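A short write-up of the structure that comes next.
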Amino acid sequence: MPELPEVETTKRGLESLIVNQVVEHATLYRDNLRWDMPKHLVTTLANQSIVDINRRGKYLLIKFDVGTLIIHLGMSGSIKVVSSDTPLKKHDHFELILANDTVMRLNDPRRFGAVLFSTDGTHALLDNLGIEPLENDFDETYLYIRSRKKQQNIKAFIMDSKVVVGVGNIYACESLYQAGINPERKASSVSKKRYALLTQCIKTILTQAIKAGGTTLQDFSQVDGSPGYFAQTLSVYGCEGKPCTICNGKISRIIQNQRSTFYCKQCQT
Ligand SMILES: [Zn+2]
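The opening position of the sequence shown corresponds to residue 52 in our numbering, with each subsequent residue numbered one higher.
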């Protein structure tokens, strides 16, 4: 599933390929993905110039003078920019044909993704998103204040997108391991000092993932280019029964909020 680093990698890859380009035509190859795709995009986006591209959480925001195209990659989505004579592939559901003879295509086999449009750049889906983890305001004070009255465990707390966006299951497990915090600990019992280490670990892990994703970007505009996914070196996620790299004890797996949590009982307290 595309996580924040893949979406950020996609955004950075698209930036140089589509910003300042003019859309000749938008094509919808089906009516809906997770939700209906707005049919009016065909007329609304024709001959419009792409002003900018941004990311908010896992949403890509492609800005035009007439409004903002909001794209979510769902469970299996990817975006490629290919030359305009490239044949459509199975599961290509949406495209922007650009005046420079390239096409931006959204491919989404499982169709949990979304293509939406907002004339003023706002959207209900964006309203309740928490802070961006790589921004300076995401720090120990931010997490400490918000965690004081929480009954949730620390893992659920940092995965709550109303608190902070983009900390998926893998990143939550890895950052709690690096920070030495037991995932079952109540968020309200974590000290400010430990939150300082945790926010640093989250930032480092996400930044490393974005960097790793960046290395695949050279394939981005190629016909057979794979999306910006990458294999990351994981210390604890998926490592049940394997030796902990710190204490040599065995990594445990438990279920929290219907998701697997991997951690070291000795190192994480
Ligand atoms: Zn350990």
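Beta carbons: idealized from backbone N, C-alpha and C, even for Gly.
Source: prediction; values computed, not measured.
Is the beta carbon of residue i within less than 7 Å of some heavy atom of ligand 1?
{"i": "residue 318", "result": "yes"}
{"i": "residue 290", "result": "no"}
{"i": "residue 261", "result": "no"}
When the Cα of residue i is compared with those of the options, which residue comes out closest?
{"i": "residue 173", "options": "62, 156, 65, 107", "result": "107"}
{"i": "residue 296", "options": "284, 306, 305, 253", "result": "284"}
{"i": "residue 180", "options": "74, 213, 294, 115", "result": "213"}
{"i": "residue 248", "options": "101, 53, 195", "result": "195"}
{"i": "residue 150", "options": "299, 313, 68", "result": "68"}
{"i": "residue 364", "options": "193, 125, 120, 159", "result": "With the chain running from 52 to 320 in the structure shown, residue 364 is simply not present."}
{"i": "residue 171", "options": "119, 204, 314, 138", "result": "119"}
{"i": "residue 81", "options": "223, 141, 74, 308", "result": "141"}
{"i": "residue 87", "options": "63, 144, 234", "result": "144"}
{"i": "residue 78", "options": "243, 148, 124", "result": "148"}
{"i": "residue 311", "options": "177, 105, 96, 219", "result": "219"}
Assuming contact is defined by CB atoms lying nearer than 8 Å, are residue i and residue j in contact in what I supplied?
{"i": "residue 289", "j": "residue 57", "result": "no"}
{"i": "residue 319", "j": "residue 232", "result": "yes"}
{"i": "residue 55", "j": "residue 217", "result": "yes"}
{"i": "residue 60", "j": "residue 261", "result": "yes"}
{"i": "residue 6", "j": "residue 190", "result": "The displayed coordinates of the chain run from 52 to 320. Any statement about residue 6 would go beyond what the structure contains."}
{"i": "residue 175", "j": "residue 201", "result": "no"}
{"i": "residue 92", "j": "residue 165", "result": "no"}
{"i": "residue 133", "j": "residue 154", "result": "yes"}
{"i": "residue 109", "j": "residue 53", "result": "yes"}
{"i": "residue 152", "j": "residue 135", "result": "yes"}
{"i": "residue 307", "j": "residue 230", "result": "no"}
{"i": "residue 236", "j": "residue 205", "result": "yes"}
{"i": "residue 315", "j": "residue 292", "result": "no"}
Does chain C have any CB closer than 8 Å to the CB of residue i?
{"i": "residue 228", "result": "Absent from the structure: chain C. Only one protein chain is present."}
Rounded C-beta distance between residue i and residue j? I'm assuming under 8 Å.
{"i": "residue 156", "j": "residue 146", "result": "5 Å"}
{"i": "residue 226", "j": "residue 256", "result": "5 Å"}
{"i": "residue 241", "j": "residue 303", "result": "Their Cβ separation, rounded to whole angstroms, is 20 Å, which puts residue 241 and residue 303 out of contact at 8 Å."}
{"i": "residue 228", "j": "residue 287", "result": "4 Å"}
{"i": "residue 167", "j": "residue 121", "result": "4 Å"}
{"i": "residue 103", "j": "residue 70", "result": "6 Å"}
### Query
Which ranges would you report for the beta strand (DSSP E) in the segment 135–207 if only whole runs of at least 3 residues count?
143–149, 153–158, 165–169
### Query
Unbroken alpha helix (DSSP H) runs of length 4 or more, entirely within the segment 196–265: which are they?
205–210, 220–230, 243–265
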